[in-house]
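**Q** With the numbering used here applied, the sequence shown covers 483 to 1374.
Even for Gly, the Cβ is constructed at its ideal location relative to N, Cα and C.
My questions will all concern the structure given below.
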Amino acid sequence: MSRVGVVIVAAVVALSAFAGPAAAATQTVELDEALNDQQRATEFTFTFTASGNDTVTADSGPSFQGGNVNFEFEGWDDLDSGASGSSPSWDVQNGNEYEVTYQAQVSSGANDESWTATVSGGSTSASETLNLNVDYLQPRFGATDSPTETLIFTDTNDASTELDIGFDNDGPGVMVLDSVNLDSTPSGIDVSVASLSNQVDGGGSGTAVLDVSVDPSVSAGDYTISGTITDSLGNTESFNAEIEVRKPPVISADDVDVGGVLIGESNTVDVTIEEVAGFSGVDGVKVNVIGTSDDGAVTVEGAGFASTGPGGSDTIEVQVSADSDGVQNADLDWQVELTPQDQYSPTESIDVTGEVFYPPNLESLSGEGAENVFDTPRSQADTQTTETRVTFENTGDLDMDVTGVSASVDDPDVSASIANADAAVGGQSTGEATVVLEADPEAAEGSYPFTVTVDTATAGTQSVTRDLTIEHIPELAVERSELPLGDITVTNQRTTSIDVSEVLEYESVSGVEVVRVSGPDQYLEVAERPTELRAGGSAPLVFAVAFDTSAELYQQYRWEFEVRGEGVETQTVTVTAQPTPYSFDSISNNLSSYAGGSGARAATAAGMAESLSALETRLRDGEEVPEGDLTETIAAGETAILLLDSLEAADEARGSDGPAAAQPDVLRAQATLNAMSEYVTRIDASQVDASATGSLESARAATDEQADAQVEYYESQLNGDITTLQRASANRQLARLAESRGNAERASRLNEEASGAFDTYLQQVQNASESAENARATRESIREDATLVLLNQPLVLNPARLDGISAEISAIDAAYATAEETYAEAGATGQADAIGGERATVQQRLQLTRYGLWGATALYGLVVLVALLRTGRNLYAYLQDRRTVEMGAVLQ
């Protein structure tokens, strides 16, 4: 606290100790001589005793000395009752003691002042003289510092430093500093005032800071700087300061990072030290290592012998070693202080760092097994291929050279090879190789172990064995997933199909089902669907779409089906179709070709055309059409066309080939008439059914005309001379006509007659066949008994068999004739012709046999005759000889 403040507080405390009126009150205020903007305040108090119960008023307080001194009423206190107030007018009570307080405010430049303060009112009156003393405090310079600074040149530029000149204010007043004047400055040394304390309290200290810059040309030595400090009141104080200029060798060196150091080994780095000041040379450097490491050590070699000239350089060695048991990747970090052998040389600190490295090490080989799901069709795959990866970790810090990666498997159906293997793996890194596993498509399901081996140059060898799992799966496929059928005419049906297949050819698919998941439950039918698919097989999936009259025209209907199976992915098939109204144009156009003429056929066509027109009008006008009428009317129209076509065909066949050729078309027309009748009777709509009924009656008349002509033809046949087969056929055709016209009784009778005639035909054919077989048997017996068979021609050369053979040949001819005649009567024309041809051939061959037999007989007779002649001749000769002998004997 300042001295002025202490004096004021003491004065106030002293004055407040007096009770009752006083002749005068005195207070002292202290101001600093060096300051011109100070303000101080102090309080005056005095007491009085009220003479009665009055209202008193205190003077408000005047101003003096141009406002530098002001007295102002502050308040009153009733020392007896404890009441108080700040108003200059208040009520007092008789006999109570009151204390009145005034404040005096003083500004710089004020002098001593006195003033009498008065309190009065009624019977009470009191006054007090207030004496204000103003004292000014003076500053005074005390002791001044004489600092000494050593300035060391560290390079060839100007060297600079600061000088702090300290001084004391021994006076009680505040000192306001004005300036620092330099009295003398050595040559080459530039001095300027950097800063000066603004003011210093009494009893305090201040500082003047000088910037000193020394030119490199200044020689080393001691230099004095002198000057004077002046305050705002003109007080001065001199000072002296010393500058010691020194130019020792100064070195610079870079931080050192030796990188990774293998355990048990060391790395050495050359470090260049450079003298950078340029004034003195280096002659030896002191080394101080700061810090220790549990994992290595640092040494500096050659520092004590380092030598340079001014601005020169030299090299020292920094060697960092890693302990053999050092922690991998531990940081090696020291601070090395390098100081030239000179007491003024500064120290250069460099950081020496490194890291403990381990050699490459193949720590582990890992990888996952592989799964090969055969997903390529068996017939298309040369191999089923899958890939997996193996990884190998280098836990060392140096690169690991991989000399080889190989894969092997012991099963002939599976091969293993390596692709894309890393040739080198960095420290603390992981390499990888791709294992390609190729399986024969015929490989069975199961697990196949395979082994991968990694060889390195210096880090060892590792192997790992994993399994390749082969799985056969089925796969379901559909030929197409979208089946747009486009526009379909109401009442028409359109079908489409796709193949559902098992495509991978390994497994069959069971439990195949086709499920509708969206779309209406009408109009579309799954006509054919598979329930099981063998491996690689396929089956049709057939959809049939037919819209009836309840379908909304021109709206696209969409059905979505899922084709599912056990163990396969579901396939989706979408069928779309759009119903369109039925067009009667094609039927009407065909009917119009018959409606232009006259007669029953024209009436049939015209009536059906009217019926279709009436139905089309109702549909176009939006009238209600009974359910089924559209289908029945269209069917009736189409059958009417078929009936008329059949009648026309019958006319053409009868004209070109006769009535028999017309029979199929007449029967077709009659059957079509029956169908037309069924359709017409189910038509309910008025006008539609009337026209259709008229058409039906006309169609019946036209058909009856044709049928009657056929009946007349076949009945005329029965009255003529015909074969048995023709009779059976005529009765059969008449029966078919009767049956087609609904005359079941007549049809039954005619069928019986036809059956009887046919049985007769069969018997005749059998008899003819037996006759032919008898002829063949007799012919075969002649062949078997023939003397010889030459070129398939039997020859009998025994004259004794002439009569027998002749009889057999006649029997053969008679049997063939009977068979031919019987076949002809039965109506088996082809067989009759065949037997006739066979008879002619046999007759020719048997005639040759007969000729041969006759020739043999003649030859036999000739031989006998020759023999008889020779015998006669021999007998004659014998008789002659005998007669000669006998004559000779007689003669003897």
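For Val872 versus Val946, is the C-beta spacing smaller than 8 Å?
**A** Result yes, Cβ atoms of Val872 and Val946 sit closer than 8 Å.
**Q** Mind checking whether Ile970 and Pro1063 have CB atoms under 8 Å apart?
**A** Contact: no.
**Q** Quick check: the Cα distance between Asn722 and Glu756, rounded to an integer number of angstroms?
**A** Cα-Cα distance, rounded: 37 Å.
**Q** Could you check what DSSP says for Pro1141 in three-state terms: helix, strand or coil?
**A** Of the three classes helix, strand and coil, the one that applies to Pro1141 here is helix, per DSSP.
**Q** For Leu678, report the span of its beta strand (DSSP E) as first-last.
**A** Where Leu678 is concerned, the enclosing beta strand (DSSP E) stretches over 671-678.
**Q** Which full runs of the beta strand (DSSP E) of 3+ residues lie inside the stretch 610-650, going along the chain?
**A** The stretch 610-650 contains these whole beta strand (DSSP E) runs: 623-626, 630-634.
**Q** Is it the case that the stretch 958-973 contacts the stretch 902-921, given that we only count it when at least three CB pairs across the two stretches are under 8 Å?
**A** No, they do not touch.
**Q** Have a look at Asp776 and Gly808 and give me their C-alpha separation to the nearest angstrom.
**A** Rounded to whole angstroms, Asp776 to Gly808 spans 7 Å at the Cα level.
**Q** I need the boundaries of the alpha helix (DSSP H) containing Ser1074, first residue and last residue.
**A** Start and end: 1067-1077.
**Q** Rank Asp560, Ala565, Gly604, Val616 by C-alpha distance to the C-alpha of Gln587 and give the top, closest one.
**A** Among Asp560, Ala565, Gly604, Val616, the Cα nearest to that of Gln587 belongs to Val616.
**Q** Within this structure, are the beta carbons of Ala655 and Asp560 separated by less than 8 Å?
**A** In the sequence as presented, Ala is not what sits at residue 655; that position holds Gly. Not in contact: Gly655 and Asp560 (Cβ atoms no closer than 8 Å).
**Q** Count the other C-beta atoms from every protein chain shown that fall within 10 angstroms of the C-beta of Tyr1036, then say buried if there are 16 or more, exposed otherwise.
**A** The residue is exposed, with fewer than 16 neighbouring Cβ atoms inside 10 Å.
**Q** Can you grab the Cα-Cα spacing for the pair Glu1301 / Gly1312, in whole Å?
**A** For the record, residue 1301 in the displayed sequence is Ala; it is not Glu. Whole-angstrom Cα-Cα distance: 12 Å.
**Q** Using the Cβ count rule (16 or more neighbours within 10 Å means buried), how would you classify Arg1083?
**A** Burial call: buried.
**Q** Helix, strand or coil for Glu953 per DSSP?
**A** Reduced to three states, the DSSP call for Glu953 is strand.
**Q** Could you spell out the range, first to last residue, of the beta strand (DSSP E) harbouring Leu965?
**A** Here the beta strand (DSSP E) through Leu965 covers 964-971.
**Q** Relative to the C-alpha of Leu744, which candidate in Ser566, Phe526, Gly773, Asn811 has its C-alpha closest?
**A** Out of Ser566, Phe526, Gly773, Asn811, Asn811 has the C-alpha closest to the C-alpha of Leu744.
**Q** Along the beta strand (DSSP E) that carries Glu1098, what are the first and last residues, could you check?
**A** Element bounds for Glu1098: not the beta strand (DSSP E) but the alpha helix (DSSP H), 1082-1102.
**Q** Just the C-alpha distance for Gln944 and Glu914, rounded to the nearest angstrom, thanks.
**A** Straight-line Cα distance between these residues: approximately 13 Å.
**Q** Taking its Cβ as the centre, do 16 or more other Cβ atoms sit within 10 Å of Pro503, making it buried, or is it exposed?
**A** With a pLDDT of 42 at Pro503, under the threshold of 50, the predicted position of this residue should be treated as unreliable, though the coordinate-derived value follows. Exposed, by the Cβ-count rule.
**Q** Which same chain residues end up closer than 6 Å to Asp815 when comparing Cβ atoms and leaving out the 5 residues on each side of it in sequence?
**A** These residues qualify, in order along the chain: Thr835.
**Q** Would you say Val511 and Arg522 are within 8 Å of each other, going by their C-beta atoms?
**A** Result yes, Cβ atoms of Val511 and Arg522 sit closer than 8 Å.
**Q** Would you identify the three-state DSSP class for Phe1240, choosing helix, strand or coil?
**A** Correct three-state label for Phe1240: helix.
**Q** Please determine, among Ala565, Val551, Thr667, Asn578, the residue with the shortest C-alpha to C-alpha distance to Leu612.
**A** Answer by Cα proximity: Val551.
**Q** Just curious, the beta strand (DSSP E) that Tyr580 is in, first and last residue?
**A** Residues 579-589.
**Q** Residue range of the alpha helix (DSSP H) that Asp1176 falls in?
**A** Looking at the sequence provided, one finds Gly at residue 1176 rather than Asp. Run containing Gly1176: 1170-1200, per the alpha helix (DSSP H) assignment.
**Q** Quick test of your reading: Leu958 and Glu984, contact by CB under 8 Å. State the CB separation rounded to the nearest angstrom.
**A** The Cβ separation is near 6 Å, so the contact holds.
**Q** With DSSP collapsed to three states, give me the class of Asn722.
**A** The answer is strand: DSSP assigns Asn722 an E or B state.
**Q** Starting from the C-beta of Ala939, find all residues in its chain whose C-beta is less than 7 Å away, skip the five residues before and the five after it, and write them out in chain order.
**A** Closer than 7 Å at Cβ, skipping near neighbours: Asp883, Thr885.
**Q** Give me, in chain order, the residues of the same chain whose beta-carbon lies closer than 6 Å to that of Asp765; leave out the 5 immediate sequence neighbours on both sides.
**A** For Asp765, where only same-chain residues beyond five positions count, the Cβ hits under 6 Å are Ser789, Gln823.
**Q** Considering only their Cβ atoms, is the gap separating Gln547 from Ala592 smaller than 8 Å?
**A** Cβ atoms of Ala592 and Gln547: closer than 8 Å.
**Q** Between Ile955 and Gly1019, is the Cβ-Cβ spacing less than 8 Å?
**A** No; because the gap between Cβ atoms is not below 8 Å, this pair is not in contact.
**Q** Helix, strand or coil for Ala1118 per DSSP?
**A** Helix, per DSSP.
**Q** Using three-state DSSP, classify Val511 as helix, strand or coil.
**A** Strand at Val511.
**Q** If you follow the beta strand (DSSP E) that Thr1031 is in, where does it begin and where does it stop?
**A** Element bounds for Thr1031: n/a, residue is neither H nor E.
**Q** Run through DSSP, which three-state label would Ile1165 get?
**A** Coil.
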